[in-house]
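Residue numbers (the numbering used here), protein chains in the order written: chain S, 1 to 331; chain P, 1 to 331. The next block holds one structure in the form of structure tokens; read it before the comments.
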DNA sequence: CCTATATATGCTCATAGTAAGCACAATTAT
DNA sequence: ATAATTGTGCTTACTATGAGCATATATAGG
């Protein structure tokens with residue numbers, strides 16, 4: 001075993017897959033592109049395909065090729081997220097299939113480029129993570145179901161393990177006076193998974209779970225195939241982090257927009273309400289946008305000025321981004 | 001081609017390698033663990049080994065196993081960085097070898113655990129990135145060599161490509177009034193690579209370069225095998241980002257330490273000087289440390305109080321970290 | 001002992017950024 | 001006309017940050 005050289009024969013049991021969480025914001029709602037399952041019994045999943053070592057010069061190029069073939073889309077902004085390689089992340093592995101690694105990517109698409117297709121749908125992010133949408137106050141599902149269930153899961157154990165579980169819940173969900181960090185999407189999903197509160201957990205383990213847990217799983221968001229919901233959680237967490245220090249939000253906006261549209265887009269991703277006046281001041285002070293001089297087609301109130309993104313900011317400031325003046329979450 | 005199913009035969013030409021940038025801080029100098037090359041003609045590299053899909057349950061477990069076998073170290077803090085898969089990242093691929101992917105990791109080790117071994121050495125980070133060490137003012141090599149060379153490389157071209165190169169230089173090196181962002185380690189390395197200013201560039205391309213460029217390469221840091229310097233640049237960038245919003249610096253400190261030792265460790269990684277009084281205020285205000293009541297063995301001046309890390313902070317604050325009050329870089 | 005030097009620690013002050021909210025303007029729906 | 005909706009300017013209190021002064025306590029060397 002020690003310092004054995006690579007053995008191609010032993011290593012051929014690996015498949016490298018490229019998967020993409022492709023995000024857009026339409027009508028103030030955050031959307032993600034999902035490939036429709038082959039039959040109604042199966043679950044939907046992210047666009048993905050195998051990496052081709054002879055055809056693809058880079059991993060990213062392979063991803064772009066695959067997405068283009070599967071959905072017809074030409075991706076713009078693309079960023080590598082994480083490589084997933086846990087044993088049995090794909091159930092087929094149990095049946096003797098090769099070990100599947102998946103290199104996950106986050107891609108952003110402008111609203112204008114969004115079109116439906118025969119194979120893929122645009123689905124609201126929060127259908128998979130209903131507990132992450134705090135735009136209209138703390139999600140009801142937290143107090144009504146998730147936190148009690150997590151507390152029960154914590155109390156299944158004793159001693160140091162119980163303490164560890166308490167700590168993790170506290171950190172992820174901001175209980176016991178700790179604060180809710182909107183970036184900890186993955187931590188929250190993984191806790192729900194471990195506590196058996198999402199469908200994938202009971203499916204992956206193959207165990208029967210108690211009936212009222214099954215009922216609970218029906219309301220903890222829609223399930224995805226394999227570990228794609230985990231990949232998606234990683235993507236949302238990264239995206240929430242990134243809009244705070246890089247102007248990626250503009251990858252999702254049309255060429256011109258009102259400040260309120262911009263705010264709605266940020267809120268859609270961040271999952272919380274923003275203070276309007278402060279948001280405008282922030283965006284203006286950072287020099288992120290410049291007025292076009294035109295006014296928007298009215299949308300119910302006083303007409304708003306149209307702005308465009310100032311590409312020059314990246315040269316001027318070290319970390320231009322929307323450092324959300326998020327209102328304190330009242331739980 | 002279109003939507004072709006995975007073909008195991010075609011895909012078997014992939015090797016997945018796990019590589020680790022293992023960092024520590026000893027004597028106020030940032031160190032990285034390097035595996036010694038087999039002969040003096042070869043270049044050193046990061047500890048790494050192939051991923052074993054049958055033996056390793058997770059990628060991270062595989063990494064820990066490999067590092068332990070190669071260096072005898074049991075890693076503590078480990079974090080996945082990035083997966084590298086560019087064609088010909090390993091020169092052996094040109095000779096018909098399989099396509100090598102590498103999943104890069106960042107690991108942190110306490111000073112107390114650092115011991116040399118027969119196979120591996122602890123090397124100062126900045127031996128590979130001399131332009132990143134601004135602790136004693138802006139590195140001389142920037143003005144004397146790097147920036148003029150980059151300007152020449154920029155001026156090789158005309159029109160939009162020239163503008164693109166100017167923008168990239170400006171963003172990465174903070175020229176023309178822009179500010180130096182200590183996290184953009186990878187962008188800087190890649191610019192030097194593209195401009196042919198590091199040894200790996202001429203080696204990888206196989207071209208002869210003009211003699212005075214070779215001379216220049218001698219002072220732009222030590223070369224590493226394959227693309228390991230790129231992986232290392234990714235690691236340093238990530239580490240510099242992370243210490244600002246997560247208390248990872250304490251993964252590198254001994255159980256108790258003086259505030260000045262802590263400051264020196266942060267400076268070593270961040271690559272710039274800090275304002276002492278403000279640093280102390282910051283660390284105290286964030287509640288990152290607590291006094292032990294003991295005093296340090298003197299180190300030349302008034303004895304300092306010994307502190308320890310307060311593990312509880314992670315529960316109290318959303319993003320505890322050392323938000324460096326870095327002094328403005330005088331170039 | 002005295003002095004230079006190095007580190008440790010407490011404190012001030014000016015400035016910038018942030019959270020919260022008041023006030024008012026310009027439009028549409030009823 | 002009036003309510004509702006959205007846009008925009010401005011104030012106020014508070015907090016964080018950058019810079020520096022002042023002083024405390026040690027060591028090293030004459």
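From the three backbone atoms N, C-alpha and C, an ideal C-beta is built for every residue, glycine too.
Alpha-carbon to alpha-carbon, residue j and residue i
i	j	result
residue 243 of chain P	residue 299 of chain S	44 Å
residue 170 of chain S	residue 163 of chain S	10 Å
residue 189 of chain S	residue 42 of chain P	46 Å
residue 64 of chain S	residue 236 of chain P	28 Å
residue 122 of chain S	residue 105 of chain S	17 Å
residue 202 of chain S	residue 192 of chain S	11 Å
residue 34 of chain S	residue 281 of chain P	49 Å
residue 323 of chain S	residue 245 of chain S	7 Å
residue 45 of chain S	residue 102 of chain S	13 Å
residue 277 of chain P	residue 241 of chain P	22 Å
residue 187 of chain P	residue 172 of chain P	6 Å
residue 177 of chain S	residue 232 of chain S	28 Å
residue 155 of chain P	residue 28 of chain P	40 Å
residue 135 of chain P	residue 78 of chain P	27 Å
residue 108 of chain P	residue 250 of chain P	10 Å
residue 142 of chain P	residue 316 of chain S	20 Å
9 Å Cβ cut-off: residues of chain P touching residue i
i	result
residue 315 of chain S	167, 170, 171, 176, 177 and 178
Amino acids of chain P, ordered along the chain, whose beta-carbon sits closer than 8 Å to that of residue i
i	result
residue 57 of chain S	86 and 87
Range of the contiguous beta strand (DSSP E) that encloses residue i
i	result
residue 294 of chain P	289-295
residue 59 of chain P	Segment 59-71 is the alpha helix (DSSP H) holding residue 59 of chain P; no beta strand (DSSP E) there.
residue 84 of chain S	77-84
residue 171 of chain P	Element bounds for residue 171 of chain P: not the beta strand (DSSP E) but the alpha helix (DSSP H), 159-173.
residue 307 of chain P	305-309
residue 259 of chain P	Where residue 259 of chain P is concerned, there is no enclosing beta strand (DSSP E), although the alpha helix (DSSP H) it sits in stretches over 259-270.
Residue-chain proximity (residue i, chain P), Cβ-Cβ < 9 Å
i	result
residue 6 of chain S	Because the pLDDT of residue 6 of chain S is 40, which lies under 50, any placement of that residue in the model is unreliable, and the number read from its coordinates should be weighed accordingly. It does; some Cβ of chain P falls within 9 Å.
residue 27 of chain S	no
residue 204 of chain S	no
residue 322 of chain S	no
residue 39 of chain S	no
residue 143 of chain S	no
residue 90 of chain S	no
residue 133 of chain S	no
residue 181 of chain S	yes
Partner residues on chain S for residue i, Cβ-Cβ distance less than 9 Å
i	result
residue 80 of chain P	82 and 83
residue 67 of chain P	The contacting residues do not exist; residue 67 of chain P stays about 12 Å from chain S at best.
Chain-ordered chain S contacts of residue i [CB-CB under 7 Å]
i	result
residue 103 of chain P	83
residue 99 of chain P	53
Outcome for residue i when other beta-carbon atoms lying within 10 angstroms are tallied against a minimum of 16
i	result
residue 328 of chain P	Per-residue confidence for residue 328 of chain P stands at a pLDDT of 48, beneath the threshold of 50, marking its modelled position as unreliable; no derived number is given.
residue 400 of chain P	Given that chain P is displayed from residue 1 to residue 331, the structure contains no residue 400 of chain P and the question cannot be resolved.
residue 294 of chain S	exposed
residue 289 of chain S	buried
residue 374 of chain S	Residue coverage of chain S in this structure runs from 1 to 331, which leaves residue 374 of chain S outside it and unanswerable.
residue 218 of chain P	exposed
residue 95 of chain S	exposed
residue 215 of chain P	exposed
residue 297 of chain S	exposed
residue 229 of chain P	buried
residue 234 of chain S	buried
residue 17 of chain P	buried
C-beta neighbour in chain S for residue i, strict 9 Å
i	result
residue 248 of chain P	no
residue 185 of chain P	no
residue 123 of chain P	no
residue 16 of chain P	yes
residue 118 of chain P	no
residue 265 of chain P	no
residue 319 of chain P	yes
Limits of the unbroken alpha helix (DSSP H) element including residue i
i	result
residue 412 of chain S	Nothing about residue 412 of chain S can be reported from this structure: the residues present for chain S run from 1 to 331 only.
residue 153 of chain P	147-155
residue 121 of chain S	Taken as a continuous stretch (DSSP letters only), residue 121 of chain S belongs to no alpha helix (DSSP H), being part of the beta strand (DSSP E) at 120-124.
residue 101 of chain P	That residue, residue 101 of chain P, is in no alpha helix (DSSP H); its beta strand (DSSP E) goes 99-108.
residue 17 of chain P	Counting along the chain, residue 17 of chain P falls outside any alpha helix (DSSP H), though it belongs to the beta strand (DSSP E) covering 14-26.
residue 244 of chain S	From DSSP, residue 244 of chain S is part of no alpha helix (DSSP H); its letter is neither H nor E.
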